[in-house]
Structures are given as structure tokens and as C-alpha cells.
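Asker: One structure follows; several queries about it will come next.
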Amino acid sequence: LVRQVPRDAAVVASFEFLPRLASRAELHSLHHLLSGTYTYSTRPYPLPARADVMLGTQGMEYRDRAAQQRLLALIARDTLRPVDAFDDVLLLRRAATDTLPLLMAASSPPVRRTRVLYDGQFELRGYDSLPASARAGEAIEIGTYWARRAPADYLYLPHFWLIDEHDRELLYRTRYVGYALFTPDAWPQDVTVREIYRLVAPKTLPPGRYRVALRVAHRRFDEPRGSLAVPDRPELQDPRHLLQIGSLEIR
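If you want our numbering, it's the 1-based position in the sequence shown plus 22.
Quick look at the structure:
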């Protein structure tokens, strides 16, 4: 991803990318935009005058609704569009034309349908079939289908697991629906939205057959901690019971 950032670009990036981008023409730390202030200060941090690239994990340091609005304002002003992604890391570039699909109104029903309503407001409606196999180190594309059924006052965080044939949980990831930017509270009601998430299977993952499992948590915008969302299906109310969404072979 770093190699795709031009040398003369004005860049906003999260912590893990800052050292490798230090030679760029202009560099801003994403956490300043999320907090709205300089580090260890109450002094307001202004929006950069220009941003050609945004690279990072917008959700990892997510603060509140104001943080989301600052990022969305910058993205809209400089027409930043997604061109690459892995896990929850997004690369957005100014006025890009070859864009990466992340979130869109579903054009057809999911191949694998389900119905789980969380908190009476956010519904999982299904998911795509997983690829038959993937190599360790590659991204596994997971397509899920959601809908806002009522006014949403939570951020939703799916938890994903890769579980091997011996029921060992060998990979765990948590993330925000909508990549912490396009969150369900702003979605039109009762419209099915397809989200694509690229879960990277680490190179150290042993080869074998794996199940992909899902559980959903939530938290309010201005609260630092969250909890498990409440599903309407009794069997899923046990936190040990995970929703199985498919399986694949890791080579």
C-alpha cells in the first residue's frame, strides 16, 4: 500500500504507516484528525489544507461522532476514493477512477440468506459464499448483507474467527461495519447493503480446513467501551454460540 503513495502527495496516515511515509511532501497523523487536537494538548487540530491520500485504520482510534464528521468532511472535500484495502486498512486517493467496492446497495439477494435482528435495529440478512480456498497471506473476501431496520444509536462491530478442524480459534478480528466511516445510522432504512471485507489469512496460518464464524458487538458513539449486541435468535444470545458463515481450505 505504501508503494502506491506518490512522493509528492499530501498524506493522512495512521501510526503504523508514519515512519515509512516520512519522506512524503506533507504528512499528517490520522489520530490528530480523530481527536481534533494536537497530541497532549487542547489546541484544535485544523483539517489539512490538502489531502491526496488517506491510508490507515480509521476505526482503531475511533473517538466520537465529531471524529467521524471530520474524516467525512476531508474525504468529501478532496474526493478521496478507496483504491485498495486489507483487513480494516483503507487506501483512499484523490479523484481515483479505478475504485474498490466496499459498501453498496445490494443489487441481488445474498446467496446464503439468514435473518438476525440485533437490538431491534440492525439486521444481518445473509452473506456470500466463501472462496473454495485461499493461500496463507492472501485476503479472503467476505461479503455480508445488512439493513438498518430502525433508528440506529450504536456502532456495530462484527467479530470474525477462523476455526480449524480441531475447533481451535486460530485467527480473530474485530472491525466496524462501514469501516467506521459509512456507519449504519446514516443508511436508508430497510435497504439491504452489501459490505465487502478482506480478511487476511496470516502467512503463519497452518494449512487445512477452516470455518469462518461471526458474532456482533456494539458500542455507542461517545462511549469508549462496548458490549455484545442482542440478537433476536435465542441460540445466538449465548456468547459462546457463533454464527457459522462458511468454510474454506487454507493452502
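Note that beta-carbon positions come from the ideal geometry of N, C-alpha and C, so glycine has one too.
#1: Mind checking Phe37: buried by the 16 CB within 10 Å criterion, or exposed?
#2: Between Gly268, Tyr176 and Glu217, which has its C-alpha nearest Phe243's C-alpha?
#3: Cα separation between Ala158 and Tyr178?
#4: The alpha helix (DSSP H) that contains Arg42, what's its start and end?
#5: For Arg92, count the other beta carbons within 10 Å of its own beta carbon; 16 or more makes it buried, fewer makes it exposed. Which is it?
#6: Using only the alpha-carbon positions, how far apart do Thr202 and Leu56 sit?
#7: Quick one: any contact between the segment 225-241 and the segment 180-195, if contact means 3 or more CB pairs under 8 Å?
#8: What is the DSSP secondary structure of Asp109, reduced to helix, strand or coil?
#9: Whole angstroms is fine: what's the gap from Ala118's alpha carbon to Asp110's?
#10: Could you spell out the range, first to last residue, of the alpha helix (DSSP H) harbouring Ser57?
#11: In this structure, how does DSSP classify Glu232 when only helix, strand and coil are distinguished?
#12: Would you report the Cα separation of Ile218 and Thr59, rounded to the nearest angstrom?
#13: Quick one: measure Cβ to Cβ for Arg197 and Pro173, integer angstroms, because I've assumed they're closer than 8 Å.
#14: Give the straight-line distance between the Cα atoms of Met105 and Leu94, rounded to the nearest whole angstrom.
Answerer: Quick look at the numbers:
#1: Translated into positions along the sequence shown, residue 37 becomes position 15. With fewer than 16 other Cβ atoms within 10 Å, it is exposed.
#2: Your numbering for residue 243 matches position 221 in the sequence shown. The candidate whose alpha carbon is nearest that of Phe243 is Tyr176.
#3: Within the sequence shown, residue 158 is the residue found at index 136, counting from 1. Within the sequence shown, residue 178 is the residue found at index 156, counting from 1. Distance between the alpha carbons of Ala158 and Tyr178: 28 Å.
#4: The residue labelled residue 42 in the question sits at position 20 within the sequence shown. Looking at the DSSP string, Arg42 is not in any alpha helix (DSSP H), and its letter there is neither H nor E.
#5: Taking the first residue of the sequence shown as position 1, residue 92 is located at position 70. Buried, since its Cβ has 16 or more Cβ neighbours within 10 Å.
#6: Taking the sequence shown and counting its residues from 1, one reaches residue 202 at position 180. Taking the sequence shown and counting its residues from 1, one reaches residue 56 at position 34. According to the sequence displayed, residue 202 carries Ala and not Thr. Each residue's alpha carbon lies about 11 Å from the other.
#7: yes
#8: Counting from 1 along the sequence shown, the entry for residue 109 is found at position 87. Reduced to three states, the DSSP call for Asp109 is strand.
#9: Walking along the sequence shown from the start, residue 118 turns up at place 96. Walking along the sequence shown from the start, residue 110 turns up at place 88. For Ala118 and Asp110, the distance between alpha carbons rounds to 19 Å.
#10: Taking the sequence shown and counting its residues from 1, the one referred to as residue 57 is at position 35. Leu52 to Ser57 is the span of the alpha helix (DSSP H), which, as asked, contains Ser57.
#11: To locate residue 232, count along the sequence shown from 1; it is residue 210. The residue you asked about is not Glu; residue 232 is Tyr in the sequence shown. Strand.
#12: For the purposes of this step, residue 218 is taken as the residue at position 196 of the sequence shown. For the purposes of this step, residue 59 is taken as the residue at position 37 of the sequence shown. So the alpha carbons of these two residues sit roughly 32 Å apart.
#13: By one-based count along the sequence shown, residue 197 stands at place 175. By one-based count along the sequence shown, residue 173 stands at place 151. Arg197 to Pro173, Cβ: 23 Å. No contact.
#14: One-based indexing of the sequence shown puts residue 105 at position 83. One-based indexing of the sequence shown puts residue 94 at position 72. The question names Met, but residue 105 in the sequence shown is Val. Answer to the nearest angstrom: the Cα atoms are 17 Å apart.
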